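Reviewing the structure listed below.
Chains as they are written, first to last, in my numbering: chain D, 180 to 583; chain B, 3 to 85.
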């Protein structure tokens, strides 16, 4: 890597696809330049916001795609850090970059690897986006740390054929992928271990995987912790053991607090206030709810107003609603909800006939996060005295209101 | 192949690959989103089958903008015209 010609740029955005070129670029620059990992499949506007928010001055990876952002590069911003920036899930206007390092990412891979062992003869199929820490650590660094062969998936449109093509023994998946591949019987018989992260899986999927002789391990972690802080290693995938170097405490309100931290983020990029609100005195406030039983961690829900999708992505509702309000009217009376299928539902009292505005708004979001149902309420939304919407009083599953 | 035939063929591909759509009317105005059972994974799977059946490749950036079956028909028609 020392012969890799270093560009003059100091903050390099890399379109992180699962290709050897992309991975070599990241490894060659890590620790020598600040790099920002970008998902080339994200919508253009989302990428633009991320590039601007992190003051990227050069783009590597997909030359055609990079042309879209020539006017967005910042050649005047001073920076001397050599860290790695990952974006958390969130809305496009509030792009939140988490500052991690080579050390934190490698520590996370070794940390998880000490609990979930792989073999050098394993074939690991990497199909997750490398611009997310779960993909970068658990579908690349983890198998590499054991000397296992990493098979690079050929893009989302080939995931249905990659298992038959590569015949992997291990893979990391998000719940949606696991459910779909299992239902379509696309998993190969050599596969013996699947690590599932970024969300829970239906019992039926877990049972189907187990019937195929595939062991399922759940992982729990955050971008802010460089990936996993707990992993299930026993018979119950939902009972997770805490990774070494961490101590978990459950706060009075049920929030999971993490003590420790060689893998903790340095902070949110350019956002000290938010950094201090989640990380102080070596304790990370996860925003997730859980319980500890005989030293094992069970997730029970979320403290923050977040929508979680089965493809692993998340939406912070207040930011999403603030974005949407700009497409409606300042006094719009609405709430964003999640339907039974995981779809995003707009429950709105006023204004009415907002299909066009919603269609425009949707173009800025990936398919899984687009509003796909609008319910027009016939009366104002229930609110607290502080004007906060009382979501628990809204039933989007009833057919009492007019739907579009 | 005219537009009607393309629509019919796409509907057939959806029905073959997604058993849950047997009883659903598949016309140009049919929405293809989570609510209709097309989560992002299902959508990609069906699009791959459509590309293979018509022997075309639809730019992935266009996929995100498809909201109805008619949008898919538009894209297929456009790519077929290039052949």
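Just so you know, even glycine gets a beta-carbon here, dropped at the ideal spot from N, CA and C. Computed from a predicted structure; not experimentally measured.
Can you tell me whether residue i is buried or exposed? The criterion is at least 16 other CB atoms within 10 Å of its CB, across all chains shown.
i, result
"residue 403 of chain D", "buried"
"residue 41 of chain B", "buried"
"residue 542 of chain D", "exposed"
"residue 78 of chain B", "buried"
"residue 374 of chain D", "buried"
"residue 311 of chain D", "buried"
"residue 490 of chain D", "buried"
"residue 3 of chain B", "exposed"
"residue 67 of chain B", "exposed"
"residue 413 of chain D", "exposed"
"residue 389 of chain D", "exposed"
"residue 378 of chain D", "buried"
"residue 461 of chain D", "exposed"
"residue 236 of chain D", "buried"
Against chain D, with Cβ distances strictly below 7 Å, would residue i count as a contact?
i, result
"residue 79 of chain B", "no"
"residue 30 of chain B", "no"
"residue 66 of chain B", "yes"
Hey, is residue i's beta-carbon within less than 7 Å of any beta-carbon in chain B?
i, result
"residue 359 of chain D", "yes"
"residue 201 of chain D", "no"
"residue 490 of chain D", "yes"
"residue 336 of chain D", "yes"
"residue 585 of chain D", "Residue coverage of chain D in this structure runs from 180 to 583, which leaves residue 585 of chain D outside it and unanswerable."
"residue 579 of chain D", "Confidence at residue 579 of chain D is low in this model, with a pLDDT of 46, below 50, so its placement is unreliable and the value that follows should be read with caution. Judged by the 7 Å Cβ criterion, residue 579 of chain D is not in contact with chain B."
So residue i packs on residue j, CB below 8 Å; how close in whole Å?
i, j, result
"residue 9 of chain B", "residue 33 of chain B", "Not quite, the Cβ-Cβ distance comes to about 15 Å (not below 8 Å), so this is no contact."
"residue 523 of chain D", "residue 550 of chain D", "5 Å"
"residue 263 of chain D", "residue 306 of chain D", "Between residue 306 of chain D and residue 263 of chain D the Cβ distance is about 21 Å, and since that is not below 8 Å, they are no contact."
"residue 384 of chain D", "residue 361 of chain D", "6 Å"
"residue 298 of chain D", "residue 330 of chain D", "Not confirmed; about 15 Å, so no contact."
"residue 439 of chain D", "residue 488 of chain D", "No, residue 439 of chain D and residue 488 of chain D are not in contact; Cβ-Cβ is about 29 Å, not under 8 Å."
"residue 283 of chain D", "residue 405 of chain D", "4 Å"
"residue 437 of chain D", "residue 476 of chain D", "Residue 437 of chain D to residue 476 of chain D, Cβ: 10 Å. No contact."
"residue 46 of chain B", "residue 16 of chain B", "In fact, because the Cβ distance is near 13 Å, the residues do not count as touching under 8 Å."
"residue 556 of chain D", "residue 528 of chain D", "4 Å"
"residue 570 of chain D", "residue 514 of chain D", "6 Å"
"residue 364 of chain D", "residue 343 of chain D", "Rounded, the Cβ-Cβ distance is 11 Å, inconsistent with contact."
"residue 548 of chain D", "residue 494 of chain D", "6 Å"
"residue 369 of chain D", "residue 354 of chain D", "With 8 Å as the limit, residue 369 of chain D and residue 354 of chain D do not qualify as a contact, their Cβ atoms being about 22 Å apart."
So which residues of chain D does residue i contact, with C-beta pairs closer than 9 Å?
i, result
"residue 20 of chain B", "None at all; the shortest Cβ gap to chain D is about 10 Å."
Under 7 Å between beta-carbons, which chain D residues line up against residue i? List them in chain order, please.
i, result
"residue 45 of chain B", "546"
Identify every residue that forms a DSSP beta bridge with residue i.
i, result
"residue 517 of chain D", "D:523"
"residue 70 of chain B", "B:33"
"residue 237 of chain D", "D:191"
"residue 213 of chain D", "D:190"
"residue 303 of chain D", "D:329, D:349"
"residue 495 of chain D", "D:485"
"residue 406 of chain D", "D:401"
"residue 529 of chain D", "D:512"
"residue 277 of chain D", "D:265, D:447"
"residue 419 of chain D", "D:476"
"residue 553 of chain D", "D:525"
"residue 371 of chain D", "DSSP, once it has assigned bridges, lists no residue as partnering residue 371 of chain D."
"residue 464 of chain D", "D:436"
"residue 396 of chain D", "D:374"
"residue 469 of chain D", "D:478"
At a CB-CB cut-off below 8 Å, which residues of chain B make contact with residue i?
i, result
"residue 389 of chain D", "Correct list: empty, because the minimum Cβ distance to chain B is about 21 Å."
Please list, in chain order, the chain C residues whose beta carbon lies closer than 9 Å to that of residue i.
i, result
"residue 41 of chain B", "In the structure shown, chain C does not exist; the protein chains are D and B."
Output, in chain order, the set of chain B residues within a Cβ distance shorter than 7 Å of residue i.
i, result
"residue 542 of chain D", "67"
Which bits of chain B does residue i rub up against, with CB to CB less than 9 Å?
i, result
"residue 379 of chain D", "Result: empty, since nearest Cβ-Cβ is about 16 Å, beyond 9 Å."
"residue 222 of chain D", "63, 66"
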